[in-house]
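Engineer: Let me begin by handing over the structure; questions about it come next.
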Amino acid sequence: MRRRAGDSILIGDDIEIQIMHVGESRIKIGITAPKSVPVTMKEVKLVGQENLAAAQLRSIAALRSMLDRLMESPAEGEK
Amino acid sequence: MTSTLTANTQRCATRYLGEVEYSEESVLVFPDGIPAFENEKRFLALRQPMSEPLVFLQSITDPHLCFATLPVQSACRDYQLRLAPEDLEALGLDQNRQPSIGHDVLCLTILSLVENAPPTVNLLAPIVVNLQTLRGRQAIQTESSYSHRAELPLREAVCS
């Protein structure tokens, strides 16, 4: 499917994706969808999954030992 | 953050730091929550001397929900914030310039520790808090090429 600025794509009966503007490295699109259909950037889902993983944190002791390994060197000289 | 026992001091159970006292003025408000936790709108940023430079982002409503974060510049010294216009607006920041980390905004990156994998930080979507209003948002930086699973440098605080 090839579309130009101003053209639209329909998905089913009630979702419309319109190509509003085509720029050099990005395009602007308008999406019309029922309230029940969430419209988000794919990155939002990715970040949500990452947040869920991050919330399953191990103990504070594990954190601390990890930090000791990571953070010791550069700060040492400065302090 | 220090807390004094005043009339508006409240208590909150935390995941790692036992019970803490906080004042209403120190609450970070995320009007939209953060992705996957859209209903969590109120957090505390807690530090502990033994865990520096970690900042614990503790939910006030759910004691079990706490993110370990780092000030973004501890994870990536020359981190560039490029907030989208929607994020600037939602945070009540000047639309005509990028905010300065530490002056205009607090900028934290969420740490992820998964078994048998190196720890990573989410540089793609930092937690950004307007320091004037304490309004916060996890801002996805679509204009940047930062990773949502950036490895922490083992020896030096440099990043690519």
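So the sequences go chain by chain: A and B. Letter by letter, the first sequence follows residues 1 to 79 of my numbering. Letter by letter, the second sequence follows residues 1001 to 1160 of my numbering. Yeah, the Cβ is synthetic: ideal placement off N, Cα and C, and Gly gets one too.
Can you give me, in chain order, the residues of the stretch 27 to 40 of chain A that have a beta carbon less than 7 Å from any beta carbon in chain B?
Structural biologist: Going along the stretch 27 to 40 of chain A in chain order, one finds no residue with a Cβ nearer than 7 Å to chain B.
Engineer: If we ignore side chains and look at the alpha-carbon of each, how far apart do residue 1130 of chain B and residue 1078 of chain B end up?
Structural biologist: Position 130 of the second sequence, counted from the first residue, corresponds to residue 1130 of chain B. Position 78 of the second sequence, counted from the first residue, corresponds to residue 1078 of chain B. Going by the C-alpha atoms only, they are around 20 Å apart.
Engineer: Does the stretch 1021 to 1028 of chain B touch the stretch 1044 to 1051 of chain B, meaning 3 or more C-beta pairs lie closer than 8 Å?
Structural biologist: Result yes; three or more Cβ-Cβ pairs closer than 8 Å.
Engineer: Which residues of chain A have a Cβ atom closer than 7 Å to the Cβ of residue 1116 of chain B, listed in chain order?
Structural biologist: Within the second sequence, numbered from 1, the residue matching residue 1116 of chain B stands at position 116. The premise fails here: residue 1116 of chain B is roughly 12 Å from chain A at the closest Cβ pair, so nothing lies under 7 Å.
Engineer: With DSSP as the reference, label residue 1045 of chain B as helix, strand or coil.
Structural biologist: Counted from its first residue, the second sequence places residue 1045 of chain B at position 45. Residue state, collapsed to three classes: strand.
Engineer: I want to see whether chain A comes within less than 8 Å of residue 1067 of chain B, judged by CB atoms only; does it?
Structural biologist: As a position in the second sequence, residue 1067 of chain B is number 67, starting the count at 1. Output row for residue 1067 of chain B: interface = yes.
Engineer: Quick one: list the residues of chain B neighbouring residue 66 of chain A, beta-carbon separation under 8 Å, in chain order.
Structural biologist: Residue mapping note: residue 66 of chain A aligns to position 66 of the first sequence, counting from 1. 1113, 1119, listed in chain order.
Engineer: Examine chain B for any beta-carbon lying closer than 8 Å to the beta-carbon of residue 48 of chain A, and answer yes or no.
Structural biologist: Position 48 of the first sequence, counted from the first residue, corresponds to residue 48 of chain A. So, interface residue.
Engineer: What residue from A:53, A:34, A:26, A:28 has the CA that sits closest to residue 13 of chain A's CA?
Structural biologist: On the first sequence, residue 13 of chain A is found 13 positions in, with the first residue counted as 1. Considering only alpha carbons, the answer is A:34.
Engineer: Closer than 7 Å, Cβ to Cβ, to anything on chain A: give me those residues from the stretch 1016 to 1045 of chain B, in chain order.
Structural biologist: Residues 1016, 1034, 1035, 1036, 1037.
Engineer: Going by beta-carbon coordinates alone, are residue 63 of chain A and residue 1051 of chain B separated by less than 8 Å?
Structural biologist: Mapped onto the first sequence, residue 63 of chain A falls at position 63. Mapped onto the second sequence, residue 1051 of chain B falls at position 51. A contact, by the Cβ cut-off of 8 Å.
Engineer: Give the residues of chain A in contact with residue 1138 of chain B, contact being defined as C-beta atoms less than 9 Å apart.
Structural biologist: As a first step, residue 1138 of chain B is located in the second sequence; it is residue number 138 there, counting from the start. Those within 9 Å of residue 1138 of chain B in chain A are 47, 51.
Engineer: Using a Cβ-Cβ cut-off of 8 Å, state whether residue 1145 of chain B counts as contacting chain A.
Structural biologist: Counting from one through the second sequence, the residue named residue 1145 of chain B turns up at place 145. No, residue 1145 of chain B does not count as interfacial toward chain A.
Engineer: If I measure Cβ to Cβ from residue 1191 of chain B and keep anything under 8 Å in the same chain, skipping five residues before and after, which residues do I get?
Structural biologist: Outside the displayed span of chain B (1001 to 1160) sits residue 1191 of chain B, for which this structure offers no information.
Engineer: Over the uninterrupted alpha helix (DSSP H) stretch that includes residue 1072 of chain B, give me the two end residues.
Structural biologist: Start at 1 with the first residue of the second sequence, and residue 1072 of chain B comes out as number 72. It spans 1072 to 1075 - the alpha helix (DSSP H) in which residue 1072 of chain B sits, taken as one unbroken run.
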